[in-house]
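To keep things clear, I will list the structure first and then write my remarks on it.
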Amino acid sequence: MGVASAVALICPLRCVAACPMLPVNFRLLLVTDRSLVHGRSLESALRESVASGVQAIQLRERDLPTRELLSLTQQIRAVTQERAVPLLINDRVDLAVALDLGGVHLRASSLPVSAARRVVGRHRLIGVSAHSVAEARQAGDDGADYVILGPIFETPSKREFGDPLGFAVLADACRHSSVPVFAIGGITRERIESVRDAGAFGVAMIGGILGRADVGNVTADMQSAVRTAWPSDPRDDSHAR
Ligand SMILES: Cc1ncc(COP(=O)(O)OP(=O)(O)O)c(N)n1
Ligand SMILES: Cc1nc(C(=O)O)sc1CCOP(=O)(O)O
Ligand SMILES: [Mg+2]
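In case it helps, the UniProt record's numbering puts the sequence shown at residues 1 to 241.
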């Protein structure tokens, strides 16, 4: 069997022989915060979001002890598996492997990309949080698959970090990054086209979906706005590896 055929077995998408990695195949990434979900479980809210077309989920429940996080992740994985929605977990490289998740999202205090890669392998995604052009660029150089840059707009949980980055920094980061850049922080439906215009590959959000009572409807609405802003298949994007 030739190298290209062997690689095709690993990656059924459009990778060439030198690139046996999964491409980033989503543009709308829902990041979780169960404290925002009122009157029901996170699992039920995510079930609704998945049914309404959310493209990927990053589980970010940083206050949970390991056993509780394990159990919650198993529940959420059952939901995402039904629709083959990629599930990533914030920081926990160990749980990404133990539960065979789609990937891990690294914070500033997480393992560096190179160490995380040795653990999760090439068939799981590694995302990195970046808060400047330099960090976004570095993450790609280090071998991350995508970057989440923020906060682009004002958002309550990040006030302590000062002024949001804004469009100019987002555009600069997108120009200099070798990997897809997702905009985070204060993303709303109305802001999606403007971050697309700045060069973002996609958007990541918490409150825009989970802060709403009608999680299903708002997911469908965001999904439609994202598809309008980026009509192309993310796997065809030159950034998508
Ligand atoms: C300047 C700056 N530093 C840190 C953060 C937040 O860190 P991050 O690693 O992104 O972690 P979470 O966003 O998951 O809390 C920031 N926004 N800005
Ligand atoms: C988790 C997170 N990280 C950010 C960063 O800048 O790194 S901003 C953010 C919060 C995003 O929430 P919302 O969509 O409700 O504004
Ligand atoms: Mg962050």
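Note that beta-carbon positions come from the ideal geometry of N, C-alpha and C, so glycine has one too.
Everything numeric in this text was worked out from a predicted model, so none of it was measured.
Using DSSP with H/G/I as helix, E/B as strand and the rest coil, what is residue i?
i      : result
Asn25  : coil
Val85  : coil
His38  : coil
Ser114 : helix
His176 : helix
Gln223 : helix
Ala17  : Note that Ala17 has pLDDT 41, beneath the 50 cutoff, so the model's placement of it is unreliable and no number is given.
Ser71  : helix
Ser49  : helix
Val104 : strand
Leu30  : strand
Pro147 : What sits at residue 147 in the sequence shown is Val, not Pro. DSSP places Val147 in strand when its eight states are reduced to three.
Ala98  : helix
Val54  : coil
Ala4   : Bear in mind that a pLDDT of 35 at Ala4, under 50, signals an unreliable position, so the number given afterwards is only what the model happens to contain. Note: Ala4 maps to helix in three-state DSSP.
Ala171 : helix
Leu184 : Checking the sequence, you will find Ile at residue 184 rather than Leu. DSSP places Ile184 in coil when its eight states are reduced to three.
Ile126 : strand
Quick one: what's got a C-beta closer than 7 Å to residue i's C-beta in the same chain, skipping five residues either side?
i      : result
Arg60  : Val31, Thr32, Asp33 and Asn90
Gly102 : Pro86, Leu87, Leu88, Arg124 and Leu125
Leu99  : Thr73, Gln74 and Arg77
Leu36  : Ile206, Gly207, Leu210 and Gly211
Arg191 : Phe153
Among the candidates the options, whose CA atom is the shortest distance from the CA of residue i?
i           : options                           : result
Phe26       : Glu43, Gly39 and Gln55            : Gln55
Val24       : Ala45, Ser35, Ile57 and Leu46     : Ile57
residue 288 : Gly166, Gln74, Ile148 and Val113  : Given a span of 1 to 241 for the chain in the structure shown, any question on residue 288 remains unanswerable.
Thr80       : Gly185, Arg196, Arg118 and Ala45  : Ala45
Arg212      : Arg227, Arg189 and Ser232         : Arg189
Ala136      : Val119, Leu106, Arg122 and Gly121 : Leu106
Thr228      : Arg118, Arg196 and Gly186         : Arg196
Arg67       : Arg83, Glu82, Ala84 and Asp94     : Asp94
Ala108      : Val119, Ile148, Ile192 and His239 : Ile148
Leu64       : Ile192, Arg92 and Ser110          : Arg92
residue 272 : Asp237, Val104 and Pro156         : Because the chain spans 1 through 241 in this model, residue 272 falls outside it and cannot be assessed.
Under 8 Å Cβ to Cβ from residue i, same chain only, skipping five residues before and after it: list those, please.
i      : result
Gly216 : Glu48, Ser49, Ala51 and Ser52
Arg40  : none
Ala171 : Ala198 and Gly199
Val133 : Val169, Asp172, Ala173 and His176
Ile209 : Leu30, Ser49, Val54, Val215, Val218, Thr219 and Met222
Ala144 : Leu106, Val113, Ile126, Gly127, Val128 and Val179
What number of angstroms, rounded off, separates the C-alpha of residue i from the C-alpha of residue j?
i      : j      : result
Lys158 : Arg77  : 28 Å
Ser5   : Arg235 : With a pLDDT of 35 at Ser5, under the threshold of 50, the modelled position of that residue is not reliable, and no figure is offered here.
Asp224 : Trp230 : Looking at the sequence shown, residue 224 is not Asp but Ser. Each residue's Cα considered, the two are about 10 Å apart.
Gly162 : Glu154 : 9 Å
Phe201 : Asp214 : 26 Å
Val218 : Ala204 : 14 Å
Glu43  : Ala116 : 27 Å
Gly150 : Ala130 : 7 Å
Leu165 : Ile206 : 18 Å
Ala139 : Glu82  : 31 Å
Ser194 : Ile187 : 10 Å
Ser71  : Val97  : 15 Å
Asp237 : Gly185 : 23 Å
Could you check whether the Cβ of residue i sits closer than 8 Å to any Cβ belonging to chain B?
i     : result
Thr32 : The structure shown contains no chain B; it is built from a single protein chain.
In its own chain, which residues sit with a C-beta less than 6 Å from the C-beta of residue i, not counting the 5 before and 5 after it?
i      : result
Tyr146 : Val24, Gly127, Val179 and Pro180
Arg118 : none
His239 : Pro180 and Phe201
Phe167 : Ala198
Beta carbon shell of ligand 5 at less than 5 Å from a heavy atom:
By its list of ligands, the structure shown excludes ligand 5, since it contains just ligand 1, ligand 2 and ligand 3.
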